[in-house]
Amino acid sequence: LQEASKNLHTDALTGLATRVTFETTMKERFMSNKQGHLFVIRIDSLTDYAKTHSNEQIDSLIRDFTQTILKTTEKSDQHPDPLFRIVGSEFILVSESRDRKDSEALCKALSEALTELGKVYDKPGMAHIGGVAFDPRSTTASLISAATEAYEKARLIGDNSYAFSDGAENARTISEWHTLVDKAINENRFEINYAFQAYSLTEGSENQIVIEEALSQVKDEQNQTVPIGTFVSIAESSGRITEFDLNVIKAVIEHIKQQQVTHQIAINLSMSSLRDNNFRRTLFELLEAHPQEAKQITFSITAYAATQDLDSFVSFVSFAHRAATRVMLKRFESRLMEVDKLGGYRLDYIRLARHYTEGLARDSEKQLVVESMREVGELIGVQIIAESVASDEDLQKLIQIGIQAASR
């Protein structure tokens, strides 16, 4: 009985408590009116890793992964938090910290520690983290659903990133998300908002729109907007993202035609669509049928997404140019891409990550980075755009440096 109980409550590989203990722990916390945060942590692409590594190597990675989390939580200001191995690559961390800032600090420390572990295993993307605050009104199922939604958002941010859900009350299960994705795509249940207008900073054309972004909003059956990051992530995993991306492109083409748009409109594309040959064939036929509208379209891909498959990204840039469209690399950070290789990608626009220009006027290091990027843009014939510039002071500094366009 003792041995069976041990096997039920303790994971043999890591020594962590299992799902059974986790569920009991959560019941006790709810009954004792405790508050805190719950985190879903998943090792990325463990199945793919297993295809090229031995069982011993996989076990070693999982054990080191576990120890990394345990050591990081011990180092934090909080008391050591219980960590559970739920199944395979999925872990759950339960924290008593009610404070969002403390929980974000913990996630940042975990992210940095996992990045270092990734260097040891030649696996830059080690894991992602999704967090949610809980209180006695929550249920274990709703918390996991909410944390999973946050985890899906984190997957779109970058390697070893984290995200938080606003709350567990209205969180959907994965099954419910798949149903929502299917219905939204089948019924074209989405709207497009045109935002992030970037205006020229060049003297004589200051009020001219250079480019604006087409932002998709998906509605549920109650006509409520759903988190687009989670929607895209689920649509990718279910194999339906290419349909959604094509529907958005068709809607933008119709908008350009009806409104007689003369500036560029950026359309966000997922990497799943970008590397899909059937998607490219269908898209090329669509753009060939609308040559005038194609000239106003810029396909937008995040720098992080592009680095996940550079060959496909570079290939798509060539494809986009053959179709008379343009390509923008957005949220660019020098840590993600080697600057001296940017010229080979033949980009049309690079939109700098927001943190490069926040407080630019008072930060000499940021000014040096932005000045360098302006010089790079001139050398390789790419327009450099600043994103979401908040202050007039920062905007004047951008004009002084010579950046060509910025959104407010």
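The sequence shown stops at residue 509 when you use our numbering, and every number in between is there.
For each residue, glycine too, the CB sits at the ideal point set by N, CA and C.
When you compare the CB positions of residue i and residue j, do they come within less than 8 Å of one another, or not?
| i | j | result |
| --- | --- | --- |
| V319 | R290 | yes |
| T119 | F185 | yes |
| E394 | I354 | yes |
| R376 | S413 | yes |
| I402 | E344 | no |
| S204 | I144 | no |
| T408 | L443 | no |
| L194 | I170 | yes |
| S196 | H138 | yes |
| A367 | P392 | no |
| H422 | R463 | no |
| E124 | T240 | no |
| I293 | V327 | no |
Relative to the alpha-carbon of residue i, which residue among the options has its alpha-carbon at the smallest distance?
| i | options | result |
| --- | --- | --- |
| A487 | T458, I275, A247 | T458 |
| E322 | Q361, I312, V311, R273 | R273 |
| T249 | L257, G232, A390 | G232 |
| S435 | S473, S374, F417, A425 | S473 |
| V282 | A406, D346, A251, Y295 | D346 |
| D410 | T383, S374, A352 | S374 |
| T363 | L388, K396, K442 | K396 |
| S246 | A255, R509, S266 | S266 |
| Q66 | Y222, L469, Q365, L194 | The requested residue 66 does not occur in the structure, where the chain is confined to residues 102 to 509. |
| S62 | S276, S317, K128, T216 | Residue 62 falls outside the range modelled here, since the chain spans only 102 to 509, and no answer is possible. |
| E490 | F140, G305, Q298, E288 | The sequence given here places Val at residue 490; Glu does not occur at that position. That would be Q298, whose Cα lies nearest to the Cα of V490. |
| E389 | V415, T115, F420 | F420 |
| G330 | R382, Q360, D182, Y263 | Y263 |
| R130 | R256, P183, E217, R463 | P183 |
| G478 | K467, L430, T125, Q497 | L430 |
| E337 | H279, N294, Q497 | H279 |
| A113 | H154, I187, M127 | I187 |
| V471 | Y450, Q360, I502 | I502 |
| K128 | F235, Y222, Q168 | F235 |
| R381 | S146, S416, Y405 | S416 |
| T174 | F140, G445, K498, T122 | F140 |
So residue i and residue j are in contact, right, with Cβ under 8 Å, and what is the actual spacing, rounded?
| i | j | result |
| --- | --- | --- |
| Y150 | I159 | 7 Å |
| N261 | A210 | So it is not a contact: roughly 11 Å between Cβ atoms. |
| V418 | V428 | 5 Å |
| A507 | L316 | That belief does not hold up - the Cβ atoms of A507 and L316 are roughly 18 Å apart, past 8 Å. |
| T481 | I504 | The identity of residue 481 in the sequence shown is Ile, whereas the question assumes Thr. That pair is no contact at about 15 Å. |
| L461 | D495 | 4 Å |
| A454 | R432 | 5 Å |
| E387 | K351 | Sequence check: residue 387 is Leu here, not Glu. Right, their Cβ atoms sit about 7 Å apart. |
| S306 | I342 | Wrong, their Cβ atoms sit about 37 Å apart, outside the cutoff. |
| Y450 | I312 | 7 Å |
Who does residue i pair with in a DSSP beta bridge?
| i | result |
| --- | --- |
| H229 | R143 |
| M429 | S401, Y450 |
| Q484 | Y450 |
| L194 | F140, L184 |
| K220 | Paired residues: none, contrary to the question. |
| A118 | T111, F185 |
| T363 | Paired residues: none, contrary to the question. |
| F414 | Looking at the DSSP assignment, F414 forms no beta bridge with any residue, so it has no partner. |
| N294 | L316 |
| I368 | A315, F400 |
| Y457 | Beta-bridge pairing links Y457 to no other residue. |
| F235 | G137 |
| I350 | According to DSSP, I350 bridges with nothing at all. |
| I310 | Y300 |
Using the three-state DSSP reduction, which class does residue i fall into: helix, strand or coil?
| i | result |
| --- | --- |
| L102 | Summary for L102: the model assigns pLDDT 47, below 50, so the residue's position carries little reliability, and this model does not support an answer. |
| I504 | coil |
| S262 | coil |
| K442 | helix |
| T326 | strand |
| A491 | coil |
| A424 | coil |
| S155 | coil |
| S301 | strand |
| L437 | coil |
| Q468 | helix |
| R509 | coil |
| R510 | Only positions 102 to 509 of the chain appear in the structure, and residue 510 is not among them; the question remains open. |
| T274 | coil |
| S339 | coil |
| D200 | coil |
| N287 | helix |
| L388 | helix |
Does any C-beta atom of chain B lie closer than 8 Å to the C-beta of residue i?
| i | result |
| --- | --- |
| R382 | Looking for chain B here will not work: only one protein chain is present. |
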